[in-house]
Every structure is written in structure tokens, then in C-alpha cells.
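These protein sequence lines are chains A and B, in that order. So the first sequence is residues 0 to 110, counted in numbering that gives the first Met the number 0. So the second sequence is residues 0 to 110, counted in numbering that gives the first Met the number 0. Glycine residues also receive a C-beta, built at the ideal position from the N, C-alpha and C atoms. Here the structure comes first, spelled out in C-alpha cells, and everything after it is commentary.
2 protein chains.
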Amino acid sequence: MPELTSCALCAPACCSLDISGADQERLVAMFKALGNSIRFEILKFLVTHPGCITGDIVDYLPIAQATVSQHLKVLREAGWISGITEGPARCYCLNAENIAWFREQIAQIMS
Amino acid sequence: MPELTSCALCAPACCSLDISGADQERLVAMFKALGNSIRFEILKFLVTHPGCITGDIVDYLPIAQATVSQHLKVLREAGWISGITEGPARCYCLNAENIAWFREQIAQIMS
DNA sequence: ATAATTTATCGTAAAAATACGATAATCGCA
DNA sequence: TGCGATTATCGTATTTTTACGATAAATTAT
């Protein structure tokens, strides 16, 4: 890495944001998953309605069941939520462990 | 809102994630901006190279200058970074204020 | 003014995300 | 077994994102 220009107004480097490889991909996937209004709305709903089933979310949102199912899959695969099968339905709640991990990672940026 | 099903395995509601309207859009835009590998890499680079100019980032990444410029615009508009004009070049650094705001918002989720 | 340097924007092609209806799959219960 | 309830998946149309080359815009130095 060659020497870089630097302007006087920027604070010097404070930290390193030490992440790469699979962890970085995982973090980017978490960012991507919540970078969508519908999915953010679903997460918000789950915060106040832990344990609700897919149908509840379908009723709450103005979009088709198939679309909700897709969005839930994205949130699940990104690690924001967990789905527990309860009979024919699926009960959702936040994935506390992964959310804590996310918070730890971004705490590295400028903190 | 009708009564909802709830499974025994989910923890009860702990918080409200109290955000909506313009703030929510702003937060989603921040998530979206970092939900891309290239942009995340740019942010990572800026953490350790505060004050570098666009050209430094172009040299560092394996993509075209026009594409880097677009990505920087997304990060700027989302509030992750600030660009200060220095002659013909543009010097970039993290936007500490907005990053702190982001951290505060996600602290509401399950904490 | 002209030229050199640096970045932004335009136009566009390709890839990915989003949304939907239709249908399949899964589970509990009669 | 067969039915109702619930969710997942498939195929597809539309929109959005991403990437590039070409070119314009802005700034400094000559």
C-alpha cells in the first residue's frame, strides 16, 4: 500500500474494524437483510410481537403471503430471526445471539 | 391488531424499537448502503485510512473509477462517510456523528 | 487561456432483488 | 385416509442495482 494523501480535517485512524472472510460476509448479509423497508418492518413487528407466526405477519403487511415467506427466509438466513416449527405453523422470534454479535462488530467502527 | 399466537420458546417482548417515518427510512438506507461487499470494503479502508482521496480507493479496489464514485455517493448519501473537497480531489473520512446515531438505534433491538 | 489531474455523471448492458399467483409440501385432526 | 390450515417453493414479470466506458465538470498549475 503506497502512502496516501490525507486532509487535515479528518480524525486520525482510531481503530481497525478487524473483520474479514466469512465473518465479513456474514456481517454484510445482515446489513443487506435489513436494508429493505419490508424486512425492517418485519423485524420491528417481531420486537413487539415475539413468538408470532407467519400468518400474523402476513395479516399485518400489505403484501402477498409468498413474498412475506421470502422475506422471512432472508431474515432467517441472515441470522436476525429464528423460526420454530409449531404444528403446521412457524413461530418467529429474534435471534438474540446473532443480534448481539452484530452489535459487537459495529462497535468496532469509530467507537 | 388482533391477539397473536405465541410459542413458549420465545422470550417476551423486551423493547419497542421505537423508530418510524423519516428516521426509519434513514436507518434502512444505512443498512442498505453497507449491505454490499464493495461498499463495506470501502468503509473498512476508510477506518484505517482516514483522509484518503477517491483515487486511493480506486487504486485499492479492482473496479472502475466510475463504479467507485457511485459507491462513494451511496455511502455519502446514507451518511456513513463525508467527502471534503480539496482542490480537484475529494478527501474522505467516516461520519462519526451518523455512525454514533446508527449504533444508538440498533442498541434498541434486544438490548 | 491551456493543459493536466481528479472526480462526477451519462447512457446502457447485465445481474440481482422483489413481487405475485399457482401449486406443492407439511402437520394436526376428524 | 383425507381434509383444513399453514407455510414454502416454483415460474415469471417487473424493478432495481451494479458495472463499465465515454465524457463532462471542476480545480490547479503552467
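Quiz prompt | Where A:Ile41 falls, given that 16 or more other Cβ within 10 Å makes a residue buried | solution = Translated into positions along the first sequence, residue 41 of chain A becomes position 42. A:Ile41 comes out buried.
Quiz item: Is it true that the CB of B:Leu93 sits closer than 8 Å to the CB of B:Ile105?
Solution: The residue you call residue 105 of chain B lines up with position 106 of the second sequence. The residue you call residue 93 of chain B lines up with position 94 of the second sequence. Their beta carbons are not under 8 Å apart, which means B:Ile105 does not touch B:Leu93 by this criterion.
Quiz item: Is there contact between the segment 65-80 of chain B and the segment 94-101 of chain B, where contact requires at least three CB pairs shorter than 8 Å?
Solution: yes
Quiz prompt | Buried versus exposed call for A:Gly86 [16 or more other C-beta atoms within 10 Å across all chains shown] | solution = Counting from one through the first sequence, the residue named residue 86 of chain A turns up at place 87. It is exposed - the Cβ of A:Gly86 has fewer than 16 other Cβ atoms within 10 Å.
Practice problem: Kindly indicate if chain B contains any beta-carbon less than 8 Å away from that of A:Ile41. | Solution: By one-based count along the first sequence, residue 41 of chain A stands at place 42. Judged by the 8 Å Cβ criterion, A:Ile41 is not in contact with chain B.
Quiz item: Three-state secondary structure (DSSP) at A:Ala32?
Solution: Locating residue 32 of chain A in the first sequence gives position 33, counting from the first residue. Helix at A:Ala32.
Practice problem: Mind checking which residues open and close the alpha helix (DSSP H) that includes B:Ala95? | Solution: Residue mapping note: residue 95 of chain B aligns to position 96 of the second sequence, counting from 1. Looking at the DSSP string, the run of the alpha helix (DSSP H) that includes B:Ala95 is Ala95 to Ala106.
Quiz item: Taking all protein chains shown into account, do 16 or more other C-beta atoms lie within 10 angstroms of the C-beta of B:Ile62, making it buried, or fewer, making it exposed?
Solution: Numbered from its first residue, the second sequence carries residue 62 of chain B at position 63. With fewer than 16 other Cβ atoms within 10 Å, it is exposed.
Quiz item: Taking Cβ to Cβ, would you say B:Leu16 is nearer than 8 Å to A:Lys31?
Solution: As a first step, residue 16 of chain B is located in the second sequence; it is residue number 17 there, counting from the start. As a first step, residue 31 of chain A is located in the first sequence; it is residue number 32 there, counting from the start. Contact: no.
Quiz item: Which of the residues in the segment 42-61 of chain B, read from start to end, lie with their CB under 7 Å from any CB of chain A?
Solution: Lys43, Val46, Thr47, His48, Pro49, Gly50, Cys51, Ile52 and Asp55
Quiz item: What is the DSSP secondary structure of A:Gly82, reduced to helix, strand or coil?
Solution: Your numbering for residue 82 of chain A matches position 83 in the first sequence. Reduced to three states, the DSSP call for A:Gly82 is strand.
Quiz item: First and last residue of the alpha helix (DSSP H) that includes B:Leu74?
Solution: Counting from 1 along the second sequence, the entry for residue 74 of chain B is found at position 75. Gln64 to Ala77 is the span of the alpha helix (DSSP H), which, as asked, contains B:Leu74.
Practice problem: Tell me whether the beta-carbon of A:Ser68 lies closer than 8 Å to the beta-carbon of A:Thr53. | Solution: Here the question's residue 68 of chain A lines up with position 69 in the first sequence. Here the question's residue 53 of chain A lines up with position 54 in the first sequence. Taking 8 Å as the Cβ cut-off, A:Ser68 and A:Thr53 qualify as a contacting pair.
Quiz item: Are the C-beta atoms of B:Val27 and some chain A residue less than 8 Å apart?
Solution: As a first step, residue 27 of chain B is located in the second sequence; it is residue number 28 there, counting from the start. Yes, contact with chain A.
Exercise. Starting from the Cα of A:Val73, find the closest Cα among A:His48, A:Ala28, A:Ala10 and A:Arg102 and give me that residue.
Key: Within the first sequence, the letter at position 74 stands for residue 73 of chain A. Out of A:His48, A:Ala28, A:Ala10 and A:Arg102, A:Ala28 has the C-alpha closest to the C-alpha of A:Val73.
Quiz prompt | Nearest to A:Gly50 (by Cα), restricted to the options A:Thr84, A:Ser19 and A:Arg102 | solution = Position 51 of the first sequence, counting from 1, holds the residue named residue 50 of chain A. Of the listed residues, the one whose Cα sits closest to A:Gly50 is A:Thr84.
Quiz item: DSSP on B:Glu2, reduced to helix/strand/coil?
Solution: Taking the first residue of the second sequence as position 1, residue 2 of chain B is located at position 3. Residue placement at B:Glu2 is flagged as unreliable, the pLDDT there being 44, under the threshold of 50; a coordinate-derived value is accordingly withheld.
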